[in-house]
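Beneath this line is the structure, given in C-alpha cells, with notes to follow.
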Amino acid sequence: MELGQFFAFAGIAVATLLAGIGSAMGTSLAGQAAAGVVTEDPDKFGQTLVLQALPGTQGIYGLIIGVIMMSQLGVFGANIPDLTVQQGLMYLAAGCPVGIVGLISGIYQGRAAVASIGIIAKQPGQLGKAIIFPAIVETYAILSLIVSLLMTLGIRV
Amino acid sequence: MAIVKMKKLALAGLISDEQAVVQTLHRMSLVEITDVKEQLSDEQQSIIDMQQVQDKLEQLDNDISRMKYTLDFLERFVPDKKGMFTGKPLVKADDYKTAAQKLDELIKIYETCRDFDEELTSIKGQRMRINNAISQMSPWVALDTPLSEVRDTRFVRLVLGTMPVVLLDGFKKAVEEDGIGCYIHNISQDRNTAYLFMAFHKNDQEILEPILRQYEWNDADLAEYSLKPAQHIEQCQHELEKLERSENEIIRQSVELTKYRLDLKLANDYLMIQKQRVEVLSDFAATRQTFILTGWVPAERTDELQGRVSSITDAYWLDFEDPVEGEPFPVAFKNNKLLRPFEMLTEMYSMPAPYSIDPTPAVAPFYFIFFGIMVGDAAYGILISVAFFAAMHFMRTKGMGQKLIMLLALCGISTAFWGAMFGSWFGDLFHIKPLWFNPMEQPMLMMVVSLIFGVVHILVGIGLKAYMSVKDGHVADAIFDQVSWMMVLGGASVWLAPLLSNMLLSTPAPQLEGAAQIGLYVAVAGVVILLVTQGRSQKNIFMKVFSGVGSLYNITGFLSDILSYSRLFALGLASGMIATVINILAGLVGMSGINLIISIPILIIGHLFNLAINGLGAYVHSSRLQYIEFFGKFFESGGKAFRPFHIETKYTDIENEEAV
C-alpha cells in the first residue's frame, strides 16, 4: 500500500473516529442525566430522549465525511487508485475539522443537553425551549461539516 | 397577522344568578377572569367573605383526591389500557351527572380500597416476619427434637448456637486439650457458619465460657419456639399460604372493582369541573345579594357574550372597555387554519408583547421551506405526511399536541416537494432524476441557494421591524434604522451575485452585471443613510460621526446570520448521505433472491432511523433559524398568553362542552 493511500485512510479515520467519540461522550453525559430524571418520573422518557439524541449528530457528520471520502477513493469498488503523499495528506487535513470540532462540540453539546434535561425535570412543558440551547452548540459542528465537505470535494483524485 | 384585540369586561349581577353565569362562562371558554379584588380598597375587601368558598373547595379537593387514590389503587392491579390512538374516553355531559349521583357509592368503594390497601400492607409486614422466622429456623431443621426439650437439666447445660466454620476444628481441639467433657453435634453448616448443639456439665461452664468467646460462639436465640424446627417451618408455610390466599382474595375483589373505573374517572372529572367553578369565585367580589367579576374578552366576541348573559337574566350590568393606552392585555392569535399549527412555534419561544405583531404568518412559510430542505427526501416527506395526517384523523388531541401533529403533517408536504426537486427518494435507492439539481453533485449551488434563503429571511425580519416602527408612527426610524440596512444587505447581495456566481458556481453571469451596478448604488446609498443617521441621538458632533461609522460594524452580525443558513445545505446533504450509506449497506448484502431477507430489514430500519434523526434535526434547526436569526431582528417578547376560564378534565374528553 502506498503512503498516500494510508494518509487518506487516516483522514477517514480522523473524521469518523473523533466525531464519534465526541458524540458518544456527549450522549453519555446527557443519557446519565436523562436516566436520573426518568427515575423520578418515567413519563419524561420521550422528552429526555430527544435531548439525549441531540449531541449524537456529530458522529453522523463524521460518518458522512468518512463515507464521501470512501466513495471518492472507491473503497467500495474493486481497487483503490494510487494517491500521492500530498493527496493523502489533503484527505487527512479535510477530515480534521469535522473530527476535532465534532469531538469537542459533542462533549460540550452534551453538557448543554444535561442542563436542558434539568429544565425538563422542573418544567415539563418547556421542551421546545430546552432543545434550542444544545442546538446552538451544534452550529459549529455543522460549520465544520461544511468545511470538511467542501475540502473533500475539492480534492482532485 | 394579528394579535386579537381584547376588551376589559366588568359584569355585575344578583348572587342568585351567579352560578348560572359561572357555568355559562365556563362553557364558553371566552373570558379570562382577573382578580377584581385588586381594584378594591381594603375596607371594601374586608366585607368579602371567602369562608364558604374555602370550605367548598376543601370538600371538593377531598373528594377528588379520593377518586384519584382509588383510580391509582386499581391501576396497580389492572393497568388501564392506553392504545396509541385511543386516548381518553369520549363522554357525554350527561354521563358526568350520572356518575356524580353515584358519588356516595364511589366513596364507599374508595373506603373499601383504602381498607384493602391497609390489609395488603399488613400482609406484606406479616409475610416479612414469617420469612424471617423461616430463615432463622431452617438451619435447625435437622434437629429432630422439640425445642422446648433443649433446656438445661439439673447438671447438664444443653445449648444451641453458631460458630464460624473455620474456627470449629480449633474449638474442638481446645475443648479436648482442656479435658472438658463436652458433647458437640454439628446440626448443619453453610458456607460460613456451623450450627451446633452442645451439652456439658454445669461445673465446666466457667472454663468453657472464655473458650467459647474466643471461638466466636453465639447463642441461638430460639427461646420463643417450643416445637420441632421442622414443625415450626411447616407452621410458617401454612401461615404464608393463608396470607397468600387472603391477598389473592383482595386482589380478586380489587380487580372486580375496576368495573367502576369509568365511573370513578367521570366522578373525578365532574368534581374537577365543579372545583374550577368554585375556585373562580375567589376572583369575584360578592355581597350578600350581588356579585361582580372582571376579566378580558376578545373584542370581536363581546356581543356573543352579552347575548348569552342576557339569556340567563335581565338583572345584570355588563360593561366593555378598551384597555388604557399601554395597558398590557393577554395575547391571543388569530390566524387561518393553515397558519394555526405554526402558532406553536411562536408560543414556544414567547408570546409577543401586546402591542407588537404576531410573527406567525411570517414564520410559517420559512419554517415550511426550511424543514423541507433539511430533510429533503421525497419518500420521507410522503411518510411523514401520511403518518401525521393519519394521526390527526385518528387521534383526539388538543392544544400543543394537535398543533405539532398538524405542523409535521404540513412540513411533510414541503419535504416531499424538495425531495423531488433534489431527486432524493429514499436517497438514491431508485435513481430518480432530480427535477432541479442533485445537491450531492452540485454542493456549491445548494450552498448558494441556502444563503439566498437566508438573505430573504433576514430582509423579511428587518422589514417586519420597519413595519412595526411605521405602525407606531416612527416612520423616520423605520427608514433610518431598517430600510437603510435592507438597502445595504439587498444591494450588496445583488452586487456580489455575479462575482459569487463566477467564484462558487464557475458560471459567469454577465447578464447580471447591470443589476449588480444598481445593487452597488443601492448599497452605497444605504451606507450613506447609516453614516448620517445612526448618530442622530448623540449630542456631540464627534459622537455623531463615531456612532455612524460604528454602526457599520453590524455588518459582521448580518454576515454571520446569513452564513448560519448554510445549515440548510449541511442538514439537507446529511440526510441524503445517510440514506446513501444505508443503500450501500443493503447493496453490499445484495438486493436479489435470498439476500433480500437481510437487505430489506436493513433498508427499513436504516431509513426509519435516518428519518427520525433528521426529522428531529430539521425540527430543531428550523426553529433555531426562526428564533435567533429571524426573531432577533424584530420580535418583542413579553406578552402573557390569553387563558380563558375553560373546562379542564383529567381522565375523559367531553363530547359537547356546552352541555356540562
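If you're matching them up, the sequences are chains L and G in order. Numbering follows the working numbering, with no gaps: position 18 of the first sequence is 1. Just add 1263 to wherever you are in the second sequence, counting from 1, and you've got the working numbering. A virtual CB, placed ideally from N, CA and C, is assigned to each residue, including glycine. Since the structure is predicted, the reported quantities are computational estimates derived from the model, not experimental observations.
**Asked** Per the contact definition of three or more C-beta pairs closer than 8 Å, is the stretch 1612 to 1627 of chain G in contact with the stretch 1650 to 1661 of chain G?
**Response** no
**Prompt:** If we ignore side chains and look at the alpha-carbon of each, how far apart do Leu1714(G) and Ser1829(G) end up?
**Reply:** Within the second sequence, the letter at position 451 stands for residue 1714(G). Within the second sequence, the letter at position 566 stands for residue 1829(G). Looking at the two C-alpha atoms, the distance is approximately 6 Å.
**Message:** Check whether chain G comes within 8 Å of Leu132(L), counting only Cβ atoms and requiring the distance to be less than that.
**Reply:** Sequence index remark: in the first sequence, residue 132(L) carries index 149 (1-based). Yes, its Cβ sits closer than 8 Å to a Cβ of chain G.
**Reference Arg1540(G), options Gly1839(G), Ala1875(G), Leu1288(G), closest by Cα** = For this step, residue 1540(G) is matched to residue 277 along the second sequence. For the residues Gly1839(G), Ala1875(G), Leu1288(G), the minimum Cα distance to Arg1540(G) belongs to Leu1288(G).
**Item:** Delimiting residues of the alpha helix (DSSP H) encompassing Ile1868(G)
**Value:** Numbered from its first residue, the second sequence carries residue 1868(G) at position 605. Ile1868(G) -> alpha helix (DSSP H) spans 1859 to 1887.
**Request:** With 8 Å as the C-beta to C-beta threshold (strictly closer), list the residues of the stretch 1830 to 1859 of chain G near chain L in chain order.
**Result:** Arg1830, Phe1832, Ala1833, Leu1834, Leu1836, Ala1837, Met1840, Ile1841, Thr1843, Val1844, Ile1847, Leu1851
**Asked** Leu34(L) touches chain G at which residues, Cβ-Cβ below 8 Å?
**Response** If you number the first sequence from 1, residue 34(L) lands on position 51. Chain G residues near Leu34(L): none, gap ~10 Å exceeds 8 Å.
**Request:** Answer with yes or no whether the minimum CB distance from Val1572(G) to chain L is below 8 Å.
**Result:** For this step, residue 1572(G) is matched to residue 309 along the second sequence. It does not: the Cβ of Val1572(G) has no partner Cβ on chain L nearer than 8 Å.
**Request:** Can you tell me which of the three DSSP states Pro1771(G) falls into?
**Result:** Translated into positions along the second sequence, residue 1771(G) becomes position 508. In this structure, Pro1771(G) counts as coil in the three-state DSSP scheme.
**Message:** In the DSSP output, what is Tyr1446(G) paired with across the bridge?
**Reply:** On the second sequence, residue 1446(G) is found 183 positions in, with the first residue counted as 1. Ala1462(G), per the DSSP bridge assignment.
**Request:** Under 9 Å between beta-carbons, which chain L residues line up against Ile1876(G)? List them in chain order, please.
**Result:** Numbered from its first residue, the second sequence carries residue 1876(G) at position 613. Neighbours of Ile1876(G) on chain L, chain order: Ala36, Gly39, Thr40, Ile43.
**Asked** Quick check: the stretch 1765 to 1776 of chain G against the stretch 1789 to 1801 of chain G, are there 3 or more CB pairs under 8 Å?
**Response** no
**Message:** According to DSSP, simplified to helix, strand and coil, what is Asn62(L)?
**Reply:** Start at 1 with the first residue of the first sequence, and residue 62(L) comes out as number 79. Three-state result, Asn62(L): coil.
**Asked** If we count the other Cβ atoms within 10 Å of its Cβ and call it buried at 16 or more, is Thr1425(G) buried or exposed?
**Response** Taking the first residue of the second sequence as 1, we reach residue 1425(G) at position 162. Buried, since its Cβ has 16 or more Cβ neighbours within 10 Å.
**Message:** Given a cut-off of 8 Å on the beta-carbon distance, is the pair Leu1383(G) and Arg1524(G) in contact?
**Reply:** Taking the second sequence and counting its residues from 1, the one referred to as residue 1383(G) is at position 120. Taking the second sequence and counting its residues from 1, the one referred to as residue 1524(G) is at position 261. No, the pair does not count as a contact, with Cβ atoms beyond the cut-off.
**Prompt:** Roughly how many angstroms lie between the CA atoms of Asn1701(G) and Gly1686(G), to the nearest whole one?
**Reply:** As a working note, residue 1701(G) is residue 438 in the second sequence. As a working note, residue 1686(G) is residue 423 in the second sequence. If I take the Cα positions, the gap works out to 6 Å.
**Prompt:** If we cut at 8 Å on Cβ distances, does Gly1880(G) have a partner in chain L?
**Reply:** Locating residue 1880(G) in the second sequence gives position 617, counting from the first residue. Taking Cβ atoms only, chain L reaches closer than 8 Å to Gly1880(G), which makes this a yes.
**Message:** Please give me, in chain order, every unbroken run of the beta strand (DSSP E) with length at least 3 that falls completely inside the stretch 1811 to 1854 of chain G.
**Reply:** none
**Residue environment, Phe1908(G), which counts as buried when at least 16 other CB atoms sit within 10 Å** = Position 645 of the second sequence holds residue 1908(G). Classification for Phe1908(G): buried.
**Asked** Do the stretch 1586 to 1603 of chain G and the stretch 1647 to 1657 of chain G make contact, defined as three or more Cβ pairs closer than 8 Å?
**Response** no
**Request:** Drop a sphere of 10 angstroms on the beta-carbon of Phe1460(G), count the other beta-carbons inside from all chains shown, and report buried for 16 or more, exposed for fewer.
**Result:** On the second sequence, position 197 is the one that residue 1460(G) refers to. Looking at its Cβ environment, which holds 16 or more other Cβ atoms inside 10 Å, Phe1460(G) is buried.
**Under 8 Å by beta carbon: chain G residues contacting Ile51(L)** = Along the first sequence, read from residue 1 onward, the residue named residue 51(L) stands at position 68. Going along chain G in sequence order, the residues near Ile51(L) (Cβ under 8 Å) are Met1840.
**Message:** Need the endpoints of the alpha helix (DSSP H) that Glu1381(G) sits in, please.
**Reply:** Here residue 1381(G) refers to the residue found at position 118 when the second sequence is read from its first residue. It spans 1366 to 1400 - the alpha helix (DSSP H) in which Glu1381(G) sits, taken as one unbroken run.
**Request:** Can you tell me which of His1656(G), Leu1848(G), Asp1640(G) puts its alpha carbon nearest to the alpha carbon of Ala1875(G)?
**Result:** Mapped onto the second sequence, residue 1875(G) falls at position 612. For the residues His1656(G), Leu1848(G), Asp1640(G), the minimum Cα distance to Ala1875(G) belongs to Asp1640(G).
**Best match in Tyr123(L), Ala113(L), Ile100(L) for proximity to Ser88(L) [C-alpha to C-alpha]** = If you number the first sequence from 1, residue 88(L) lands on position 105. Of the listed residues, the one whose Cα sits closest to Ser88(L) is Tyr123(L).
**Asked** What does Ser1886(G) touch in chain L if you count any residue whose Cβ is under 9 Å from its own?
**Response** Indexing the second sequence from 1 puts residue 1886(G) at position 623. In chain order: Gly111, Ile114, Ile115, Ala118.
**Request:** Within its chain, find whatever has a CB closer than 6 Å to the CB of Glu1920(G); leave out the 5 residues flanking it on each side and keep chain order.
**Result:** For this step, residue 1920(G) is matched to residue 657 along the second sequence. Answer for Glu1920(G): Arg1290, Ile1910, listed in chain order.
**Message:** Looking only at its chain, what residues have a beta carbon closer than 8 Å to the beta carbon of Val1285(G), apart from the 5 residues adjacent to it on each side?
**Reply:** For the purposes of this step, residue 1285(G) is identified with residue 22 of the second sequence, where counting begins at 1. Correct list, in chain order: Arg1540, Val1543, Leu1544.
**Asked** When the distance is taken between beta carbons, is Gly1558(G) closer than 8 Å to Ile1266(G)?
**Response** Residue 1266(G) sits at position 3 when you count from the first residue of the second sequence. Residue 1558(G) sits at position 295 when you count from the first residue of the second sequence. Not closer than 8 Å, so no.
**Asked** Can you name the residues that DSSP bridges to Ser1451(G)?
**Response** Here residue 1451(G) is taken as the residue at index 188 of the second sequence, counted from 1. Answer is Tyr1458(G), bridged to Ser1451(G).
**Request:** Taking Leu1506(G) and Gln1389(G) to be in contact with their CB atoms under 8 Å, please state how far apart those CB atoms are, rounded to whole angstroms.
**Result:** Here residue 1506(G) is taken as the residue at index 243 of the second sequence, counted from 1. Here residue 1389(G) is taken as the residue at index 126 of the second sequence, counted from 1. With 8 Å as the limit, Leu1506(G) and Gln1389(G) qualify as a contact, their Cβ atoms being about 6 Å apart.
**Asked** Thr135(L): which of Ile90(L), Ile114(L), Ala76(L), Ile125(L) sits nearest, CA to CA?
**Response** If you number the first sequence from 1, residue 135(L) lands on position 152. Checking every option, the nearest Cα to that of Thr135(L) belongs to Ala76(L).
**Coarse secondary structure for Asn1481(G), derived from DSSP in three states** = For the purposes of this step, residue 1481(G) is taken as the residue at position 218 of the second sequence. Looking at Asn1481(G) - three-state DSSP - the assignment turns out to be strand.
**Request:** Could you please tell me which residues of the stretch 1616 to 1642 of chain G, in chain order, have their CB closer than 8 Å to any CB of chain L?
**Result:** none
**Message:** At the level of alpha carbons, what is the spacing between Leu1708(G) and Trp1699(G)?
**Reply:** Taking the first residue of the second sequence as position 1, residue 1708(G) is located at position 445. Taking the first residue of the second sequence as position 1, residue 1699(G) is located at position 436. Approximately 11 Å, taken between the alpha carbons.
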